[in-house]
Structures are given as structure tokens and as C-alpha cells.
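Step one of this worksheet: look at the structure below.
In my numbering, the protein residues as written are 113 to 1356.
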């Protein structure tokens, strides 16, 4: 425990020391570098695995720099290599490069071995990598006699190649003796080992010159193996004319076979590949028909961005292999007879690669610093430190140096502490070697800039006074003005550590002499800068846009103002090109005159005033118009139009991330160009798609474009004026920007667990124009939060990495960096992520309720412990459901509902709302994280109180006639209690005015009501609600519909999904309708409109005797009968027979024709019937009782009285009475049908 505590204390103290370190950056100044003593640095060396051509001299490179100039020595196979004694070996002057010549004999093979270069001066020793020198070899093919290969048609075949083991290995290929390549396809192909594989042999394969060839790269020679002769045995003679690709066997029957693998053998194999190398997996199958090959990866998808399939899908290649590519890959060979699989277990290892490469350290005496050497690999590499080429443990001790694993801490270094340190990171797959020197220097302060500078600045501009300096230890630098006062820093002055002084807004009082003084314990140095503040140059009268008629004179004014102590020049340009002043164009101090204007004068004229420190410019457009017409009304200019596209695009001033684009503007057609739009297209990411790059003011035609690295650009320009955009210009020449390291941090870094024991690290990929170079990949680091563990890391080309075998819901620190072949981009900030969650183990306890009313209740419980959540606490989740209703026979849903409560207090509670009144509920509670919920709490049962009911389930108003309205409704879906009835409120509504409300109440079993309308023109608003003991519930409001004659023009659409005829329902009685049929999809397809009128409805509770037509008819019949009775009485009084027409008319009693109850009177909305047409006949009876009023001379006396016969003139009476049939009388005991009135009732 004491040792562990001491270790942490030492680490903490080292961290504090590092924070106080003062690393010195040496300027690239020739005078400083000439005086600065530095240890050697290796600048150039040969590659680690160095293969040379035996026909050339051997050159092993080793270059280094340092002060003093270093000397060089070599080791060969770990021993000192005396280059002086070997006459074939020479070393270049002021260099360590070896040249080994063989002009005087000798064999290059004698110099094979491991070489290492050492560069030495007074301050240290730097060493190169170990260079393994090998001589290229191109051995001959062994002589062999190849017997003819005899195989049956349809069988598989392998022709071995076995090329000689050259260095480097040769490239193999198959050709015939005529040097024609052997045709390869899905059936015949060469494997990775050079052998030729036939999945099945056809007769056409028979030939005597299958030859394998080996090409050796260094010697540029090709060696050919003795050819194979292949004979194919067939059941039938082979006929060339019968061969074709679809039937290679020419119609002959050849036995088919299921797939088998020619390579690899067995059902599984394994392969190891190093990180960032290329993985090649191969499966070649035999079978007839030729099998098809497919590839899979168990437990995941193939990396689509890195995988390529070659050799007709027989070879799978994955480039830039990373740790994520570890796993089991399966190849499957299939034909219609079956399939076969082979599993290849791929293991990705890694040679060491840098995480933090040590860099040179320049320190002042008594300063602190550190060297860090971090590398990764698989297996993890070991770190070994050397000093001047000697293991650090064997070197002389240095009290200012302390080794801590991969870090060396320096404290209070002294002048003798300079040395070169080597870091070696190695594992079984390779090694890394880095040199980093520690140089301890002391140097008096020096001022590096020019002496006694004069700086002129414009008033109110931000200004910097520079005073670059150097010294060791780092000097303190202070600024003074006019040699007085304390140092300048504060107010509108700001001093920077690099020696610059910023004046935020230069004013006239800031003029003067400024002195910078650099001082340290070794001395001091100073320099002076004189500052002058000038007035800005301005154009106070700018030229204006003009339109001039051809042949007239145009004048542009340009009035300028500038500081009188500065020399200023005023120049004019046209379309950014100098104007040649001569006999026609004239310029004076404040204007430019263009006489006799023609079309060539049209363009943009720019006036520029310029001094040695600033400039100002203003532009105006000259538009040339045609000559004026003789008619003044027609002399106006042509209307403006779209500009012409720019022309002659040129590229100049190429830079790493910029280029200048220049163009010639086209004719603006009487509307000045306001801006230019520059677009680009590239051929790597989205070829063919033009994209906007930038817009520029319309007075510019030469701009510097800011570009992205690693893009092949082509540009075009579009001119824009007030009318619109021009057509695009012709594309510029292509411009390829150089590659660079990424400068964008990947966005959207997050870590989350998809399973309880993993964490998925995901991020958004860089945009195409952010990649900056080839082979973009991402370096991802992670480690547990609040731990001092080393960062784990991985490099991948994807956008996700899964960390396995994590603990449940643990916080991790993550960061990411984009890299490509040119280097690494900036690292992201540390982001916190979490591994996966698991099901919570704890349950809330003591779940209970309080204050339960009809729709809500208060919920209380005891919380769980935080560690039992096993994830991010999301909420306490209450599950509740409606178990029963206290309303008998009510049908309802027992849907399980949830409500979440987010609270972390010690006594949590919440409100459960939206409950259904008068119901019995059950509930329990769980705790939930983002992925799971825990075990349930105790179950609680409770009942809600009775409440007001919901609105009736429906409320319809049906017109039953012109004088009444029929209402229908049904009980609420949720009564929320025991219904005690319904309440109907209604009132007249004419526009915005409402009448006095009226109220009707009904029993709970009543669901309809008919309302008599005293005034047919009135409209009503109805408000219906159900009632419980608690009160009235939600109101269902409706408005009465229009009468048929009120001009309701409402259109109603009825969808039709069946063949005609169809029935149109819910129409109003006695109303007129227009009907048409049309297509819903094609509204222009429609029928002609048809007009119809519905029948009149019978009105409830209205007797037929109150109808006008019936009263008129009865009056007419009564009148006729009275006339006949009078005639009869006259006849009797005279005692003889006489015709009725001779009888004198008797006067009738006056009859009140007014209907006291309001008889039914119908008037169609489309027929203008007069009042006379609807009047009852004179003398007609209008009783509401429906009975005819009896007179003194009743028909009873003539037709029904006594025996029912008229005793004097029966023939006459027979014309006016209804004589009953005997059978009818017997079948119906009622005598109502015997009267004329009742006879008409029976007809109705």
C-alpha cells in the first residue's frame, strides 16, 4: 500500500512539474540557428526492408543535421562496421550514406545483413532504424518433365505452377506457347498461389501448351515453366461447331456433380493479417454446373466500404484491415444440386503504431519538461528507452531525469543534460524507433526583427507593432511609449507573449516612438518602432450608373479625400483593366469623360484612390443605348434583360487551398450585374453535380477561391442582375488541390449500450469535402471515467465501434480523431458515454393513494436505491387499468395504461389523472431505465367517485314536417355514474340574437322528442346533456336544419362503391334537389344535372279533417245535398213530381271560414300559387273535429232514418245516398262507412 501511495504521489507531483515546464520554440532564423548548439537529428534513411538489384551499386542512405555537424558510423549485424578497411565501401562527405561498388569484383550477396547508422556530435547520438539489406533473387525454374494430364470431361482439375521462390516473390500468370493469355472465367481461373483451377473440364480445354510464367520485378525478366499438355476424355467425339457458352458440352450428356472445394481444404481454416494491410480470402469450388461463390461474415455485415470481390467472386479483398475485421468469414459454393460452406477464421494482429510519438525538447537551465512515447499494437508492444544509443538503465545517471514507464520527466535540467533519447516500441510483428533530443541551451535575449521601423497606419484601424525575440531562458518582454511610464498592457493596448503589441483603434494621440525591451538573467535587448497615424483615403463623390445614347458624351465624377502627408494617385479602370487615356478619353482631377460613346464603351468603370497604406474604390456602370427615335414617345430604352454568361475563365496564383479565378463579364443588357455566383464540380465524390461555392459583388471579375484539399475542381460563373440569372459560363480548366491532413473533428460522437455488456461508440462521418486526402479513417479512444487507466483505442474506416465485455452502465470517456495518409486531424473534446443497461433489480414499495375523487388521485411510494436501477434513471412507471365499472352492464376496455413520474426526492408522489368516474381500478409501479423496467411493486385497488356523464353518444335532428322537428339521441358511452335522466335546453336563434331558453327534462329511458314549431321560419339551437346525481354532463349542441323553402343550398357528397341503382337517404320531405354523378379521381368526368322533388310528409297529430282540400270537398258535397233537400221539400209541399233544377235555391247559413287551429296549408317553394287557389269553397265546413255539422234537414231523415228508405220518391233519393251492400254490412258491424265523410276517411 505504501508503494502504491508513493506511486500516485509521484505521478501527481510529476503532473505539477509538467504544468510548470517552459519548452522553448526555436525560430527559423539563420543567425539563431548558426549559434544554437543542438544534438543530431536523423533527416533521411533507407527503408527497414531494403531489397536491392544485384546489377547496381548498393546505396544505404543516412542523413542527419546538428550543431556541430555530426559524424557518422555504422553497425552491421550488431557489430561495428569498419567502412575504411573495405575498399568497395565509401561514405559520402558530410553524410552517412554508404555506397558499395562492385566494379573491381565482389558479390552483392556478401553484403547482405542488418545495418544501423549512428550520427554523433558533442551533444548526443542519434540512430537510424535497423535496415535489413537483401539482394533480389530470380532463380531459374527447376527442370522437369511434365507428363500429359488426362482427365474426364466434367471433372475438376488443378494445374500446379509452383514458381521459384524469388526475392521479392514473382508475379505469376498463365499463357499459351503463342503468348496468348489463357482465358479465365467463372469456370477457369488462377488462384492466389498461381495454380490454374478448372471447376469442371470441357472438351475445348484440351491443348498442349498451358504454361505458367513468373515475372521478377527487379530484374525485369520473365521465366516460363514447361507447358502442360491436357487431354480430355469424352463419351462422344468432340465437335467444334457444337460448342457454345450456354452449352459447353455440345449436347453431350455429362454427369453433374455437387460443389466441392478445390481450395481451401476441409470445412474451416484460419488466417492472420496485420492491421492496415490487405486481407485476401479465396474459395475455389469444383462442380457441374459451375458453382457460384458467395461470401458472408458471421455475426455482422461485410464492411461495404472496404470489401471488393475479384476473380469472379472467388477472392474477397478487404483493404486497410482494422481490429473490427476480426471474425469468421464464410464462403458458400452453390449450384442446383446443392451447396457447401467453408469457414475462415480471421485474426487481426498489429505491428506497433504511434499514439504519441516523442518530439524534440528545447529547455532553458532549471526548466522542466517531459518526453512521452506511447504506442499500441496487438499484442501490446513493449517500450524501451535508450540514451545516445545506449539502454537508459546502462547509461550514466542523470539526477534531473526520472523514468516512468512510457514517460521521462525532467526537472531542473542543467547545461550538461543535452542528449538524444530513443524510444523503441516492439512486438513480434515489428518495431518502431523514434529519436527525440533534449537540448539545454542558454542564450542572451535577441531581437529578431528589423531595427527602428516606421509604421504608418490608418486612423481607427486595429494595429499591431511586432517585436520578435528569442532567448534562453525565455525573456520577459515589455513595451514603453516615448521612453516613459510603465509597460503598456491594458486599456486599448494588449501585449502578446510572442512580442506583438496590439492597438485596438489607432488614434492621433497614439503617434510616437514605442520601445520593446526583452530581458532575462543573461541580459537584455531592445528595439524601437515609430508609429504615425494617418487619415483614411476616401471617395466622397462616387461615380453613378449611367445610360448614354450612342454618339453622346458620358461623364463619371470621382471626388477623393486623403491624408495630405501621403502621396495619392487616382486611377480609372474599365472592367478591371487599365484605361488607355488618349485623344478620346479624357481625365481630370475629379472626373473621367467619354465622348462619342459607342458599344465598345459599355462596361463597369472603377475609380480608385490609393496611397502607400490604404486604398478606396467605387464603380459605376455605363449602358450604351441606340439612337433616339424621331417620335419622343418611342425613344425610351429597351427593357432590361438577363445578362450574358461570363467568358474566358482563367486560373492563376495556385496555392495549397486556394486559386485565383478570373473571367470577362458578358453584356448585362441594360441591368447592371449585382453579383456573380461561382459554382464547382468535382470528379471524386459527386461527379457531374454542380455545387455553389461562393458569391461575389458584381464589380469584381477576379477573385481568390478558398478550396478544400484533395479535390479536382472545375469552375463556372453565373452573372445575376435584377432580371435574374444568366446561363452558366463554359467550365474553367481543372485544378487539383494537394492532399492534407483532416482539419475537421468528426461530429456526433456518442457512446451507448445496445446490450448490457457492451458500448457502441458512434459518430457522423466526415463530409466528402472534409476528407482532405486518401484513405480516411478514424482513431477512437476510450477509457473508464474517473480512472487513471490507459486509453484503449482502435482505428477504423467505419462510423461505429463496439466495446465488448463491459460492466453494466459504466461511464466512459471517449474522444475521436480523423486521419488520412497525410496525417492526423485535431482531437475532439472528451465526451462521456455509457455502457449498456440491464433490468433494474429493485421495486418501489409502499404504493398507496390519497385524495381519490372522480377523475384523479394522489399517488405515494417509497423510492428504490440508485444502484438497483442498473442504468440511467428514466422514471417511475405506474401501470394501471380499469378493472370494473359500477354502472351495471356497461361495456368498456380493460386497456393497460402507464404514466411516468420523474422524481428523485426522498418522499416521491404524483397525481394520476384522466381516470373514469364510478369505476374500480388496479395499479402497480415499476422503476424504469432507458431499456428495461424493474419488478412490480405491491398492487393497489381503488374506486373513483361518481361524476357527471359524458355527452350523449349521438344527437340527431330529423325534420318530420314543416311544423315539427323530431329529436333522437342515445345514452352516453361513459355514464360516469347512474343516469337519472336527460336535460334538453333550446332557444330560437335568428342570426346573432337568441330567444328565451326553454328546458325539457326526460327520464333515462326516453331517447326521442318531437317539438311543434309555432313559427316555421324560426331556427333553434338545442343543447342536450345527460344527468347523474352529481349534475349535468357534457353538452351536445346542435342547430335545427333549414326548411325546404328557406333556400338551403348545402351540397352533400355521397361516395358510391357499388353498381347502380343506389339509394340516397336522409333527404327532406317536400324539398327540391339537384343530382349529378361524377368521378372522384377525375373531377371533369361528370353526368348532367338531374332535378327532382321529394314527396310531402304526413304530419304527426294532424287530423285529415283539418286539411283545406278535404274541407272544400265536404262543403261542396253538403251544398249539393242541401239543394237536393230543398227541391224535395218543395216537391212534397206541391204534392207532385218536378225537376230539381226548377227548385228555388234556398239561402245557406253563413259559415266562419277561419281555421281556429291553423289548418295545414302547403305552398311549394317553386310554385307561386295564389291565395285564391287555396281558399275553401263557400259553404264548406271547417270543423277541426272532422265531423260534418248536422242541419235541420239531415240526411238521416232521408237515408238513414227509420228503415233507411225515402217513402215517397225512392228513385230520386237513390241518386244521393250510399246504399250498403248486404255482404259488406255483415262483414263490418260499424256503420261509419255509410256517411259520405267517413267514406272519404276510409279512402284516405
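For every residue, glycine included, the Cβ atom is placed at its ideal position computed from N, Cα and C.
- DSSP places residue 730 inside the beta strand (DSSP E), whose first and last residues are 727 to 737.
- Within the same chain, 165 and 248 come within 6 Å of residue 330 by CB-CB distance, once the 5 residues on both sides are set aside.
- Here DSSP, grouped into helix, strand and coil, assigns residue 254 to coil.
- In the DSSP secondary-structure assignment, residue 912 is bridged to 874.
- Straight-line measurement puts the Cα of residue 612 at about 6 Å from the Cα of residue 577.
- Of all alpha-carbon atoms in 512, 237, 453 and 499, the one lying nearest the alpha-carbon of residue 480 is that of 512.
- Contact between residue 995 and residue 1034 holds, with the beta-carbon distance rounding to 5 Å and staying under 8 Å.
- For residue 143, the enclosing alpha helix (DSSP H) covers residues 142 to 147.
- Here the stretch 996 to 1007 does not lie against the stretch 961 to 978, with fewer than 3 beta-carbon pairs under 8 Å apart.
- For residue 1174, there is no enclosing beta strand (DSSP E), as DSSP marks it with neither H nor E.
- A buried status is given to residue 547, since no fewer than 16 other beta-carbon atoms sit within 10 Å of its beta-carbon.
- In the same chain as residue 457, and ignoring 5 residues on each side of it, the C-beta atoms closer than 6 Å to its own belong to 382 and 440, in chain order.
- With fewer than 16 other Cβ atoms from the protein chains shown falling within 10 Å of its own Cβ, residue 1199 counts as exposed.
- Distance check between residue 1117 and each of 1089, 276, 1150 and 1083 places 1083 closest, using alpha-carbon atoms only.
- Within the model, the alpha-carbon separation for residue 566 versus residue 534 is close to 48 Å.
- By the neighbour-count criterion, in which 16 or more other beta carbons inside 10 Å mark a residue as buried, residue 377 falls on the exposed side.
- Nearest in C-alpha terms to residue 819, of all of 280, 866, 619 and 884, is 884.
- Burial state of residue 555 is buried, judged by a 10 Å Cβ sphere holding 16 or more other Cβ atoms.
- For the stretch 651 to 720, there is no continuous alpha helix (DSSP H) assignment of 4+ residues that stays within its boundaries.
- Annotated as distal: residue 557 and residue 592, with beta-carbon spacing of 8 Å or more.
- Between residue 367 and residue 399, the CB-CB gap reaches or exceeds 8 Å.
- The distance from the Cβ of residue 1079 to that of residue 1134 is about 7 Å, consistent with a contact at the 8 Å cut-off.
- Per DSSP, residue 152 is one residue of the beta strand (DSSP E) stretching across 150 to 157.
- Per the coordinates, the alpha-carbon of residue 632 lies some 22 Å from the alpha-carbon of residue 142.
- Straight across, the Cα-Cα distance linking residue 340 with residue 258 is about 6 Å.
- For residue 570, the secondary structure class from DSSP, reduced to helix, strand or coil, is strand.
- Three or more beta-carbon pairs separated by less than 8 Å are not found between the stretch 752 to 772 and the stretch 702 to 718, which leaves the two stretches without contact.
- Taking C-beta separations shorter than 8 Å and ignoring five residues to either side along the sequence, the partners of residue 492 in its chain run 539, following chain order.
- Residue 1081 is bridged by DSSP to 1067.
- Look at residue 1243 here: in three-state DSSP terms it is helix.
- As DSSP reads the structure, residue 473 sits in a beta bridge with 550.
- Only residues of its own chain outside the window of five on either side were considered, and among them 666 and 734 have a CB closer than 6 Å to the CB of residue 658, listed in chain order.
- Along the length of the stretch 401 to 442, whole beta strand (DSSP E) runs at least 3 residues long occupy 404 to 409, 419 to 422 and 427 to 430, reported in chain order.
- About 17 Å separates the Cβ atoms of residue 767 and residue 790, ruling out a contact at the 8 Å cut-off.
- In the structure shown, the three-state DSSP call for residue 1220 is helix.
- Here residue 1151 is exposed: its Cβ has fewer than 16 other Cβ atoms, across all protein chains shown, within 10 Å.
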